[in-house]
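Beneath this line is the structure, given in structure tokens, with notes to follow.
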Ligand SMILES: [Zn+2]
């Protein structure tokens, strides 16, 4: 018994950046604005959060913005209008607080995904790939030049649970209905997340690619992602195909990590069905023009 009961998509901010970060070889002068995703998954006994958004303090304080985000000159970090702590506000709208989160899964430790870890304590396990944590903790300032801010995650009070997906590249269940699958390339230990509703809640679910494929075109055209660390972008196509196949085989909806059209579209589709699986919705329908 048990498993996933509901899924809420949270939009924790925005990034203005060259689309070439998302698609390898794209015209570097083409600038786009992409949503920063969080996913709140209701399970027996509480909620599991997938990714945490920005560390808002590093955006609101001009000196800290310059110190951290100033190094990534061509990516602008943007909080939702008038909102100080997007993660807490999103939880609050649902009548929840960070105490209702029983576990966190981080796809990777980039600042737009790990910046909200500050809201969690030792009682809340944080699932991350071992390789990702090793890279993130490795010699300063290499990772920071690649968008990892140690201030977000190098904290002894955080309870990281390391998933070892390097050898087998296999799927690992973290809680019933939620499993992670290594999709290394964007970062050394990136993982995507599979969320399957309990049969008692209607079944089916999602494959959240996160940054294994930011945009619809990464999947429809099987175009390599642009931003990688120590990895030939062309190698990321293998994971794109793998996630597509997995979603197809299990009847799950594939969700790109930062798509400016699909993310809001799926958010409203979920809203309209009380955050259950939108029966009849398919990846093809979601991806349609
Ligand atoms: Zn990233």
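In the numbering used here, the protein residues as written are -18 to 270. Even glycine gets a Cβ: it sits at the ideal position worked out from N, Cα and C.
Annotation for residue 128: 53, 91, 92 place their beta carbon closer than 7 Å to its own, counting only its chain and skipping 5 residues before and after. Of all residues, those with a beta-carbon under 5 Å from at least one heavy atom of ligand 1 are 91, 192, reported in chain order. Distance from the CA of residue 75 to the CA of residue 246, rounded to the nearest whole angstrom, comes to 19 Å. Fully enclosed beta strand (DSSP E) runs of no fewer than 3 residues occupy 140 to 144, 153 to 156, 159 to 163, 172 to 177, 186 to 191 of the stretch 111 to 193, in order along the chain. Here residue 201 is exposed, its C-beta having fewer than 16 other C-beta atoms within 10 Å.
Beta-bridge pairing by DSSP links residue -11 to 21. For residue 28, the uninterrupted beta strand (DSSP E) run begins and ends at 27 to 31, by DSSP.
Burial state of residue 29 is buried, judged by a 10 Å Cβ sphere holding 16 or more other Cβ atoms. If you draw a straight line from the Cα of residue 45 to the Cα of residue 132, it is about 11 Å long. The DSSP-derived three-state label of residue 217 is helix. Residue 3 is classed as buried because its beta carbon has at least 16 other beta carbons within 10 Å across all chains shown. Contact between residue 77 and residue 67 is absent: CB atoms are separated by about 14 Å, not below the 8 Å threshold.
Pairwise C-beta distances place the stretch 30 to 50 in contact with the stretch 94 to 109, as three or more of them are shorter than 8 Å.
Beta-bridge partners of residue 246 (DSSP): none assigned. Within its own chain, the residues whose Cβ lies closer than 6 Å to the Cβ of residue 212, once the five positions on either side in sequence are excluded, are 166, listed in chain order. In chain order, 162, 175, 188, 233 place their CB closer than 8 Å to the CB of residue 227, counting only its own chain and leaving out the 5 sequence neighbours on each side.
Taking C-alpha positions only, residue 253 is separated from residue 7 by approximately 35 Å.
With respect to residue 235, residue 225 sits close: the two C-beta atoms are nearer than 8 Å. In this structure residue 170 touches residue 116 by the C-beta definition: roughly 6 Å separates them, less than 8 Å. The DSSP-derived three-state label of residue 4 is coil. In the three-state DSSP reduction, residue 12 falls in the strand class (E or B).
The three-state secondary structure of residue 259, taken from DSSP, is coil.
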